[in-house]
Amino acid sequence: EAGVAQSPRYKIIEKRQSVAFWCNPISGHATLYWYQQILGQGPKLLIQFQNNGVVDDSQLPKDRFSAERLKGVDSTLKIQPAKLEDSAVYLCASSPGPNYGYTFGSGTRLTVV
Amino acid sequence: EDQVTQSPEALRLQEGESSSLNCSYTVSGLRGLFWYRQDPGKGPEFLFTLYSAGEEKEKERLKATLTKKESFLHITAPKPEDSATYLCAVRNTDKLIFGTGTRLQVFP
Numbered sequence: 052e053a054g055v056a057q058s059p060r061y062k063i064i065e066k067r068q069s070v071a072f073w074c075n076p077i078s079g080h081a082t083l084y085w086y087q088q089i090l091g092q093g094p095k096l097l098i099q100f101q102n103n104g105v106v107d108d109s110q111l112p113k114d115r116f117s118a119e120r121l122k123g124v125d126s127t128l129k130i131q132p133a134k135l136e137d138s139a140v141y142l143c144a145s146s147p148g149p150n151y152g153y154t155f156g157s158g159t160r161l162t163v164v
Numbered sequence: 003e004d005q006v007t008q009s010p011e012a013l014r015l016q017e018g019e020s021s022s023l024n025c026s027y028t029v030s031g032l033r034g035l036f037w038y039r040q041d042p043g044k045g046p047e048f049l050f051t052l053y054s055a056g057e058e059k060e061k062e063r064l065k066a067t068l069t070k071k072e073s074f075l076h077i078t079a080p081k082p083e084d085s086a087t088y089l090c091a092v093r094n095t096d097k098l099i100f101g102t103g104t105r106l107q108v109f110p
């Protein structure tokens with residue numbers, strides 16, 4: 052089966068600019084996650100969708116980050132305005148449901164200068 | 003608060019030199035302990051899920067074990083291609099909480 056697709060692979064922006072990341076999960080996977088991985092750290096959950104509804108966004112900095120999952124398939128994560136500390140890899144993962152493992156995409160490496 | 007701690011942070015092994023990576027955790031209501039492998043520039047790749055104390059799983063040179071407080075990833079006779087960061091995560095309800103990983107380097 053095809054994996055989790057993410058784009059772009061790399062992005063460099065200046066602070067205060069905006070940026071968007073795209074994720075296409077594995078077909079049929081109801082649950083989609085966005086994780087932030089800062090260099091040298093483990094991934095941290097930003098937001099979890101079940102179909103097109105938000106299950107958990109407690110760790111999402113809502114003053115600058117937003118995410119949506121239209122029609123329960125693709126998802127976009129947006130940052131506006133970006134800060135230097137947002138430099139990280141943004142990983143998308145999907146899962147068939149609560150009792151299954153996750154499959155991760157290759158991530159988008161964001162550098163804010 | 004749910005927490006995952008991995009040790010050591012980094013490990014350098016000679017090819018063939020067996021060792022173990024540790025993952026200690028505190029979680030209210032464990033619904034699985036996961037091991038992932040992450041290569042540079044890639045997303046984490048699933049290795050194992052363990053659900054109950056005493057459970058063991060193996061895959062090639064890797065063996066994962068679980069107790070009530072910690073998990074070990076044993077690497078037997080490692081090869082250079084085993085070099086990667088190994089991440090441990092616990093699931094509470096429906097989200098994974100990750101440790102910071104152990105960066106393993108295996109030299110020929």
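Chain order of the listed sequences is H and A. Mapping of the first sequence onto our numbering: residues 52 to 164, in sequence order. Mapping of the second sequence onto our numbering: residues 3 to 110, in sequence order. We treat Cβ as the ideally placed atom computed from N, Cα and C, and that holds for glycine.
One Cα belongs to F100(A), the other to T67(A), and the distance between them is close to 17 Å.
Identification of chain H residues near K61(A) by a Cβ-Cβ cut-off of 9 Å yields none; the smallest Cβ-Cβ distance measures about 14 Å. It is roughly 33 Å from the alpha-carbon of L106(A) to the alpha-carbon of K129(H). Contact with chain H is found for L89(A), since one of that chain's Cβ atoms lies less than 7 Å from the residue's Cβ.
Listed in chain order, the positions of the segment 85–117 of chain H with a beta carbon within less than 9 Å of a beta carbon of chain A are Y86, Q88, G91, Q92, G93, P94, K95, L96, Q99, Q101, V106 and D107. Under the Cβ criterion (8 Å, minimum of three pairs), the segment 68–83 of chain H counts as touching the segment 112–126 of chain H. At a cut-off of 7 Å, the C-beta of P46(A) has a neighbouring C-beta in chain H.
C-alpha of Q8(A) to C-alpha of E72(A): approximately 10 Å in a straight line. Bridge pairing for R39(A): E47(A) and Y88(A) [DSSP].
A buried status is given to R120(H), since no fewer than 16 other beta-carbon atoms sit within 10 Å of its beta-carbon. For G103(A), at least one C-beta of chain H is nearer than 7 Å to its own C-beta. At a C-beta separation below 9 Å, L52(A) has no neighbours in chain H, since its nearest C-beta there lies roughly 12 Å away. Put simply, of V163(H), F155(H), R160(H) and V105(H) the residue whose alpha carbon is nearest the alpha carbon of V55(H) is F155(H). Looking from the CA of G34(A), the closest CA among E62(A), F109(A) and K70(A) belongs to K70(A).
The Cβ of F100(A) sits closer than 7 Å to at least one Cβ of chain H. Rounded to whole angstroms, the gap between the alpha carbons of V164(H) and Q5(A) is 32 Å. A direct Cα-Cα distance of roughly 40 Å separates P82(A) from P112(H).
Between the alpha carbons of P42(A) and S85(A) lies a gap of roughly 10 Å. Residue contact with chain A for L83(H): absent (no Cβ-Cβ distance below 7 Å to any residue of chain A). The Cβ atoms of A133(H) and Q88(H) lie no closer than 7 Å to each other.
Close partners of F36(A) in chain H (Cβ separation under 9 Å): G152 and Y153.
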